[in-house]
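Trainee:
In the numbering used here, the protein residues as written are 11 to 126.
1. Using 10 angstroms around the beta-carbon of residue 17, count the other beta-carbons present and answer buried if the total reaches 16, otherwise exposed.
2. Would you check if the distance between the CB atom of residue 30 and the CB atom of residue 43 is smaller than 7 Å?
3. Taking residue 65 as part of the alpha helix (DSSP H), name the residues at either end of that continuous run.
4. Counting Cβ pairs, one atom from each stretch, are 3 or more of them under 8 Å apart for the region 34-43 and the region 81-92?
5. Starting from residue 83, follow the beta strand (DSSP E) in both directions and report where the run begins and ends.
6. Output the distance between the C-alpha atoms of residue 74 and residue 47, rounded to the nearest integer angstrom.
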């Protein structure tokens, strides 16, 4: 992923990630998803079925991801951070302040509570 960050500027990274997400999610899923980046700069897509932890590459065809169903992880807010606990790892997202972290946690809780 370092090469991805080194070669592409932030705007390009976002557009390339968006193109990858467009390939992975259905039209319906694309209507309601959230793209966040961990403190380790790992892009994560939250959507109704669960989340995708993306491993970007220089070539879009070489991107990979790991899917976790919404039942496979737990979201927890810790002050200005959102922590996603998985079986073998933890993903941490940093926000400007605790109110922003609380808002995102609430949005994700709502997303998963309304998912069929």
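Yeah, the Cβ is synthetic: ideal placement off N, Cα and C, and Gly gets one too.
Mentor: Quick answer:
1. exposed
2. no
3. Element bounds for residue 65: not the alpha helix (DSSP H) but the beta strand (DSSP E), 60-65.
4. no
5. Taken as a continuous stretch (DSSP letters only), residue 83 belongs to no beta strand (DSSP E), as it is neither H nor E.
6. 16 Å
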